[in-house]
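>
Protein chains: 2
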Amino acid sequence: MAAPRMGLRARLYAPEADPPAAHVAPVTRGAWDDADALAAFAASVDVVTLEFENVPLGAVETLAPLVPVRPGARALAVAQDRLTEKRFLNEAGARTAPFAPVEDAASLGAALAALGLPAILKTRRLGYDGKGQARLNSAADAPAALAAMGGAPAILEGFAPFAREVSVVIARGADGATRAYDPGENVHRDGILRTTTVPAALDADAAARAVAVATRIVDALGYVGVLGVELFHMPDGAFWVNEIAPRVHNTGHWTINACAVDQFEQHLRAVCGWPLGDPRRHCDAVMENLIGDDDAAWPRLAAEPGAALHLYGKAGARPGRKMGHVTRTTPRR
Amino acid sequence: MAAPRMGLRARLYAPEADPPAAHVAPVTRGAWDDADALAAFAASVDVVTLEFENVPLGAVETLAPLVPVRPGARALAVAQDRLTEKRFLNEAGARTAPFAPVEDAASLGAALAALGLPAILKTRRLGYDGKGQARLNSAADAPAALAAMGGAPAILEGFAPFAREVSVVIARGADGATRAYDPGENVHRDGILRTTTVPAALDADAAARAVAVATRIVDALGYVGVLGVELFHMPDGAFWVNEIAPRVHNTGHWTINACAVDQFEQHLRAVCGWPLGDPRRHCDAVMENLIGDDDAAWPRLAAEPGAALHLYGKAGARPGRKMGHVTRTTPRR
Numbered sequence: 039m040a041a042p043r044m045g046l047r048a049r050l051y052a053p054e055a056d057p058p059a060a061h062v063a064p065v066t067r068g069a070w071d072d073a074d075a076l077a078a079f080a081a082s083v084d085v086v087t088l089e090f091e092n093v094p095l096g097a098v099e100t101l102a103p104l105v106p107v108r109p110g111a112r113a114l115a116v117a118q119d120r121l122t123e124k125r126f127l128n129e130a131g132a133r134t135a136p137f138a139p140v141e142d143a144a145s146l147g148a149a150l151a152a153l154g155l156p157a158i159l160k161t162r163r164l165g166y167d168g169k170g171q172a173r174l175n176s177a178a179d180a181p182a183a184l185a186a187m188g189g190a191p192a193i194l195e196g197f198a199p200f201a202r203e204v205s206v207v208i209a210r211g212a213d214g215a216t217r218a219y220d221p222g223e224n225v226h227r228d229g230i231l232r233t234t235t236v237p238a239a240l241d242a243d244a245a246a247r248a249v250a251v252a253t254r255i256v257d258a259l260g261y262v263g264v265l266g267v268e269l270f271h272m273p274d275g276a277f278w279v280n281e282i283a284p285r286v287h288n289t290g291h292w293t294i295n296a297c298a299v300d301q302f303e304q305h306l307r308a309v310c311g312w313p314l315g316d317p318r319r320h321c322d323a324v325m326e327n328l329i330g331d332d333d334a335a336w337p338r339l340a341a342e343p344g345a346a347l348h349l350y351g352k353a354g355a356r357p358g359r360k361m362g363h364v365t366r367t368t369p370r371r
Numbered sequence: 039m040a041a042p043r044m045g046l047r048a049r050l051y052a053p054e055a056d057p058p059a060a061h062v063a064p065v066t067r068g069a070w071d072d073a074d075a076l077a078a079f080a081a082s083v084d085v086v087t088l089e090f091e092n093v094p095l096g097a098v099e100t101l102a103p104l105v106p107v108r109p110g111a112r113a114l115a116v117a118q119d120r121l122t123e124k125r126f127l128n129e130a131g132a133r134t135a136p137f138a139p140v141e142d143a144a145s146l147g148a149a150l151a152a153l154g155l156p157a158i159l160k161t162r163r164l165g166y167d168g169k170g171q172a173r174l175n176s177a178a179d180a181p182a183a184l185a186a187m188g189g190a191p192a193i194l195e196g197f198a199p200f201a202r203e204v205s206v207v208i209a210r211g212a213d214g215a216t217r218a219y220d221p222g223e224n225v226h227r228d229g230i231l232r233t234t235t236v237p238a239a240l241d242a243d244a245a246a247r248a249v250a251v252a253t254r255i256v257d258a259l260g261y262v263g264v265l266g267v268e269l270f271h272m273p274d275g276a277f278w279v280n281e282i283a284p285r286v287h288n289t290g291h292w293t294i295n296a297c298a299v300d301q302f303e304q305h306l307r308a309v310c311g312w313p314l315g316d317p318r319r320h321c322d323a324v325m326e327n328l329i330g331d332d333d334a335a336w337p338r339l340a341a342e343p344g345a346a347l348h349l350y351g352k353a354g355a356r357p358g359r360k361m362g363h364v365t366r367t368t369p370r371r
């Protein structure tokens, strides 16, 4: 939806019969492992980017010799595996919660001994919005938590007694330039983002340190595009990275209404080699996700003064499904 | 482009092989007088609106019994003919420049005698951006001006020695509710809009009177949708209506970046029976059109802090062709 505003034409590649974005751009349907379909798609475009981080790495590796793919295989590989991601982050000088790999009861026992309680067991791959996670409050929770992983490789993460959760949505261009939006402060409920408030309750020094962490990450990845960095602001003032997402990020949706160049355009600018846009916000903003049947309130939200309503047009509401969001802007304080 | 953000699906009807909007929504190709194609299109949608005012009236009359068409035939008929429009405006209590119909040399002579000089001769139909217009500074200009009309019915308009040009972009819902954006102040060059600045240099009373003129017009038309009203602010403080456009308006493009609900969404809200959105601006704004090869400056504009760049992706620049626009927002004064 950002592309036509920039005079760019988008094409999509998707394995689904009717992906949501089919309403705004033409779709090439193909499997992730269909090398011929991928090659034909590559020949039809100037540059490829990814809408979500779980595109199979093999598809990106098939495309990469044929057309620039931004972000590339490295960022994807890091973001697809929580263990690889944590190790990468620590090597890049970014702090994280303590962690240990878990493959069975024995390694879980060792991990619990090392990290203490409470702790969270997560599948290494394919988890989001609290799915594929189990919290351990006592050693007795271990068998059920392990069973919840369904035999998949996992990672135990130590508890992070954070003061607040913030995120930095940052762009890096092919030339290495970076631009970060102001950090947003996030509130989750039931493992799902409910609100992002900008500015976060951070002083200027803390905000700058949060951006510095994000910058370190995109530089270490040689990243091109927009990347979301979720951070725990710890009571001692340090920032721990919770996770990174190699794409536009739900916590950056407020930029649609509060910045001259929003995160979607910024991502395309980076991917297409345009100058990165000014990330300054002209308003303060609170973004609220509409989850499950929250969107039934749309007539009230549509009539609310100052509220910008975004509905995704998904076919049906399910508990926990993100159906839209509303952003309320106010003059900068 | 506003529809998918609202969870709405747009379909287009167009006679051209490759209309610009084909990049963002599926197109039914059909002639304006193809009743079968129009009926099939009507059956595929819930409501019809119009992108520009020169859709042949017959097409709207074919559609209207089959599906709601907003705005409808009356607004279109009024806006397609400058003479009908002026008469409607005066009957609705809105002032205009003095005018007289012109069909030949005799009626032009009579009109000049009545209105005086300078004056502007315009075709009654299908003129925009200064096309189909000829200025008369002396009686000697009459034959050339008449020849420039190419035999088409015309209207002579008396000169309006305005202090400034402003416009009001106003929405009216099917329930009769109206919402107007703050008046913008327009600068034209060579008959083409160059910039719109918001707020206009009007005091609160004058701004309210400008909005009142626009409200009177949409009420008199029983209008549903967004309508642009171009006004001359006269030295005595009165507003004369220059012209009306039954659609989103170039002078309302600033709302994309300065309002929670922009004119495009507002138009769809009215057409679809949603509550009208809050028209208040959260920023001041200057919108500048990129005309002809102005868009060659895009790399500089893309890098300009605070500038929101919109490129239309048109295939080729021609002198006078609108290729995009840039909106610069600043905190409200």
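Residue numbers (this note's numbering), protein chains in the order written: chain A, 39 to 371; chain B, 39 to 371. Even for Gly, the Cβ is constructed at its ideal location relative to N, Cα and C.
#1: Going along chain B in order, which residues have a C-beta closer than 8 Å to the C-beta of A:C321?
#2: When Cβ atoms are compared, which residues of the segment 80-114 of chain A fall closer than 8 Å to chain B?
#3: Below 9 Å on C-beta distance, what does B:N327 contact in chain A?
#4: Could you check whether the Cβ of B:H291 sits closer than 8 Å to any Cβ belonging to chain A?
#5: With 8 Å as the threshold, decide whether the Cβ of B:P42 is near any Cβ in chain A.
#6: Helix or strand or just coil, what does DSSP make of A:Q171?
#7: In whole angstroms, what separates the C-alpha of A:L95 from that of A:A111?
#8: Could you check where the beta strand (DSSP E) with B:T100 kicks off and where it finishes?
#9: Residues bridged to B:H271 by DSSP?
#10: If you draw a straight line from the C-alpha of B:H348 to the C-alpha of A:A180, how long is it?
#11: With DSSP collapsed to three states, give me the class of B:A182.
#12: I need the boundaries of the alpha helix (DSSP H) containing B:G310, first residue and last residue.
#13: Going by Cα to Cα distance, which pick from B:A258, B:A334, B:A346 and B:L339 is closest to B:R356?
#14: Should A:R232 and A:E89 be called a contact, given that it needs their Cβ atoms to be closer than 8 Å?
#15: Would A:P181 pass as an interface residue toward chain B - the criterion being a Cβ-Cβ separation below 8 Å?
#16: Flag this pair as yes or no: are the beta carbons of B:L153 and B:G214 separated by less than 8 Å?
#17: Please classify A:V249: does DSSP put it in a helix, a strand, or coil?
#18: Determine the contact status of B:A132 and B:V279, defining contact as a CB-CB distance below 8 Å.
#19: Are the CB atoms of A:A138 and A:A130 nearer to each other than 8 Å?
#20: For B:A69, which residues in the same chain have their Cβ closer than 6 Å to its Cβ, ignoring the five residues on either side in sequence?
#21: Measure the CB-CB distance between B:F277 and B:V251 and report whether it falls below 8 Å.
#22: Any idea if B:K169 is buried or exposed, counting beta-carbon neighbours within 10 angstroms, 16 or more meaning buried?
#23: Work out the CA separation of B:A185 and B:G45 for me, nearest whole Å.
#24: Can you find a C-beta in chain A that's less than 8 Å from the C-beta of B:H305?
#25: If we count the other Cβ atoms within 10 Å of its Cβ and call it buried at 16 or more, is B:D331 buried or exposed?
#26: Expressed to the nearest angstrom, what Euclidean distance is found between the alpha-carbon atoms of B:R162 and B:A183?
#27: Contact defined as beta carbons within less than 8 Å: I believe B:R108 pairs with B:V309. What is the distance between those atoms, to the nearest angstrom?
#28: Checking 8 Å against the spacing of the C-beta atoms, do A:P226 and A:H291 come in under that value?
#29: For A:R43, which of B:L155, B:A340 and B:C297 has the nearest alpha-carbon?
#30: Of all Cβ atoms in chain A, is any one closer than 8 Å to the Cβ of B:V62?
#31: Less than 8 Å between the beta carbons of A:V267 and A:S176, yes or no?
#32: Which chain A residues are close to B:H226, counting only those with a beta carbon under 7 Å from its beta carbon?
#33: Determine, using beta carbons only, whether A:W312 comes closer than 8 Å to chain B.
#34: Are B:A97 and B:L76 close, meaning C-beta to C-beta below 8 Å?
#35: Of all the options B:E281, B:N327 and B:L155, which has the alpha carbon lying nearest to the alpha carbon of B:T235?
#36: Quick one: is A:H287 near chain B, going by C-beta distance under 8 Å?
Let me spell this out:
#1: The answer, in chain order, is H320 and C321.
#2: Listed by position, the residues of the segment 80-114 of chain A near chain B (Cβ gap below 8 Å) amount to none.
#3: Result: empty, since nearest Cβ-Cβ is about 15 Å, beyond 9 Å.
#4: No, B:H291 lies away from the interface with chain A (no Cβ there is under 8 Å from its Cβ).
#5: For B:P42, the answer is yes, since a Cβ of chain A falls inside 8 Å of its Cβ.
#6: A:Q171: strand per DSSP, three-state reduction.
#7: Each residue's Cα considered, the two are about 6 Å apart.
#8: Per DSSP, B:T100 is not a residue of any beta strand (DSSP E); the alpha helix (DSSP H) it occupies stretches across L95 to L101.
#9: DSSP lists B:R202 and B:F277 as the bridge partner or partners of B:H271.
#10: Taking the straight line from one Cα to the other gives about 55 Å.
#11: It is helical.
#12: For the sequence presented, residue 310 of chain B should be read as Cys rather than Gly. That run of the alpha helix (DSSP H) goes Q301 to C310.
#13: Here the closest residue by C-alpha is B:A334.
#14: Cβ distance not < 8 Å, so A:R232 and A:E89 don't count as in contact.
#15: It does not: the Cβ of A:P181 has no partner Cβ on chain B nearer than 8 Å.
#16: Going by C-beta atoms, B:L153 is not nearer than 8 Å to B:G214.
#17: Reduced to three states, the DSSP call for A:V249 is helix.
#18: Cβ distance < 8 Å, so B:A132 and B:V279 count as in contact.
#19: Cβ atoms of A:A138 and A:A130: not closer than 8 Å.
#20: Within the same chain, and ignoring the five residues on either side of B:A69 in sequence, the residues whose Cβ sits closer than 6 Å to its Cβ are P53.
#21: A contact, by the Cβ cut-off of 8 Å.
#22: B:K169 should be labelled exposed.
#23: The alpha-carbon atoms of B:G45 and B:A185 are separated by roughly 50 Å.
#24: Under the Cβ criterion of 8 Å, B:H305 is not counted among the residues facing chain A.
#25: Exposed, because fewer than 16 other Cβ atoms sit within 10 Å of the Cβ of B:D331.
#26: If you take the alpha carbons of B:R162 and B:A183, they lie about 14 Å apart.
#27: The pair is a contact, with the Cβ atoms about 5 Å apart (cut-off 8 Å).
#28: According to the sequence as given, residue 226 of chain A is His; it is not Pro. Cβ distance not < 8 Å, so A:H226 and A:H291 don't count as in contact.
#29: B:A340 is the residue among B:L155, B:A340 and B:C297 whose C-alpha sits nearest the C-alpha of A:R43.
#30: So, interface residue.
#31: No.
#32: Under the 7 Å cutoff, chain A gives no residues; its nearest Cβ is about 24 Å from B:H226.
#33: So yes, A:W312 belongs to the interface.
#34: Cβ atoms of B:A97 and B:L76: closer than 8 Å.
#35: With distances taken between CA atoms, B:T235 lies nearest to B:N327 out of B:E281, B:N327 and B:L155.
#36: Not one chain B Cβ lies under 8 Å of A:H287.
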